[in-house]
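Reading through the structure tokens given below for one structure.
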Amino acid sequence: MSLESVPPKYAQLVQTLQRRIEAGHYPPGSLLPSENQLIQEFGVSRPTVVAALRVLREQGWIESQQGKGRFVRGRPALASVEQARPGHAYLTTPETGLPGELLEAGAVAVPNRVAALLDLPPKSKAFLRRRLVSRGDEPSEIVSLWLPLDLSEGTDLTSAQPLAQGARDHVQARKGVRFDHVVEQITARMPSTEEVKQLGMPKNTPVLDVYAAVRDPGGRPLAVLAVVLPADRHELEDAYPLS
Numbered sequence: 285m286s287l288e289s290v291p292p293k294y295a296q297l298v299q300t301l302q303r304r305i306e307a308g309h310y311p312p313g314s315l316l317p318s319e320n321q322l323i324q325e326f327g328v329s330r331p332t333v334v335a336a337l338r339v340l341r342e343q344g345w346i347e348s349q350q351g352k353g354r355f356v357r358g359r360p361a362l363a364s365v366e367q368a369r370p371g372h373a374y375l376t377t378p379e380t381g382l383p384g385e386l387l388e389a390g391a392v393a394v395p396n397r398v399a400a401l402l403d404l405p406p407k408s409k410a411f412l413r414r415r416l417v418s419r420g421d422e423p424s425e426i427v428s429l430w431l432p433l434d435l436s437e438g439t440d441l442t443s444a445q446p447l448a449q450g451a452r453d454h455v456q457a458r459k460g461v462r463f464d465h466v467v468e469q470i471t472a473r474m475p476s477t478e479e480v481k482q483l484g485m486p487k488n489t490p491v492l493d494v495y496a497a498v499r500d501p502g503g504r505p506l507a508v509l510a511v512v513l514p515a516d517r518h519e520l521e522d523a524y525p526l527s
């Protein structure tokens, strides 16, 4: 779960409590303030407090003991590990920070897989913004952002200029929606002739397909980010706790 950009209230509370834990204000083994105490101190609603405590528990900062309350565990060992999930990176990084060129922007027929992820009928149209990203002056990956047509209206996604915001922030600000969570899938396949040409890669080298399906808090599909990565140039790494 990302806590970057201009975070919602629950994320601000998470960050405040994390800083207090790191500073020793809430030392390991101590009892965290109750929900009612946090509500009164920070002037937020109970759902906001509950959401923040859930994030802290899932990330390993605190633990719950039934009938006793929530106790501080301290800074998790993995808290300093950067989660290099491709979908999150491309959704939050401004295009101005990813040099490249715009390949396509407009309404096109949606592929079957993307249609299923967006919950759209087969052969319908969706908005596509596709960029060829370069790293070290060489083409590195192809990034495609798919949106239902109504969510693309009134945005700058048709502009040939790189976005100064991440796609998540831009769409949320313009359309009043909230990107709540991502379901990410990674598969391998051989590249198309066009991809070989665009990426300047050998024909016999496979590519990794990353599909990041973005949903709102209710589970409604909002966007799909599809990234094509040459397998000989990229390595995907993740870190997670064992519980």
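Numbering follows our numbering, in which position 26 of the sequence shown is assigned residue number 310; successive positions increment by one, without gaps.
Every residue, glycine too, gets a C-beta built ideally from N, C-alpha and C.
All values reported here derive from a predicted model rather than from experimental measurement.
What is the DSSP secondary structure of residue i, reduced to helix, strand or coil?
| i | result |
| --- | --- |
| Phe492 | Looking at the sequence shown, residue 492 is not Phe but Leu. Leu492 falls in the strand class under three-state DSSP. |
| Ser348 | strand |
| Ala471 | The amino acid at residue 471 is misidentified as Ala; the sequence shows Thr. Strand. |
| Glu479 | helix |
| His465 | strand |
| Val365 | Only weak support is given to the placement of Val365: the predicted model assigns it a pLDDT of 47, under 50, and the value that follows is read from those uncertain coordinates. It is coil, neither helix nor strand. |
| Ala448 | coil |
| Lys409 | strand |
| Ala391 | strand |
| Ser418 | strand |
| Arg266 | Outside the shown range of the chain, which is 285 to 527, sits residue 266, and nothing can be said about it. |
| Phe326 | helix |
| Glu425 | strand |
| Ala510 | strand |
| Gly358 | coil |
| Gly381 | helix |
| Gly353 | strand |
| Leu433 | helix |
| Leu337 | helix |
| Pro291 | The pLDDT assigned to Pro291 is 47, lower than 50, so where the model puts this residue is not dependable; a value taken from the coordinates is nonetheless given after this. Coil. |
| Gly371 | helix |
| Pro403 | According to the sequence provided, residue 403 is Asp. The question's Pro does not apply to it. Asp403: coil per DSSP, three-state reduction. |
| Lys487 | coil |
If I'm right that residue i touches residue j with Cβ under 8 Å, what's the distance once you round it to whole angstroms?
| i | j | result |
| --- | --- | --- |
| Leu387 | Arg414 | 5 Å |
| Leu441 | Phe463 | Contact doesn't hold; Cβ gap of about 15 Å is too wide. |
| Gly358 | Ile305 | 7 Å |
| Leu433 | Ala391 | 6 Å |
| Pro311 | Val356 | 7 Å |
| Ala472 | Leu401 | Actually they do not touch by this definition, with Cβ atoms about 18 Å apart. |
Is the beta carbon of residue i less than 8 Å from the beta carbon of residue j?
| i | j | result |
| --- | --- | --- |
| Leu337 | Gly450 | no |
| Ala515 | Val494 | no |
| Leu506 | Val466 | no |
| Lys407 | Leu435 | no |
| Leu297 | Val334 | no |
| Pro370 | Gln343 | no |
| His454 | Thr439 | yes |
Looking only at DSSP bridge pairs, what is residue i linked to?
| i | result |
| --- | --- |
| Ile305 | BP columns for Ile305 are empty, so no partner. |
| Ala515 | Note: Ala515 sits in no beta bridge, so no partner. |
| Ala497 | Val467, Val508 |
| Leu386 | Arg415 |
| Leu315 | Phe355 |
Decide yes or no for the touch test of the region 507-518 against the region 392-412: beta carbon pairs closer than 8 Å, at least 3 of them. Counting C-beta pairs closer than 8 Å gives three or more between the region 507-518 and the region 392-412, which meets the contact rule.
Would the region 416-431 count as touching the region 474-489 if we require 3 or more Cβ pairs under 8 Å? Yes, they touch.
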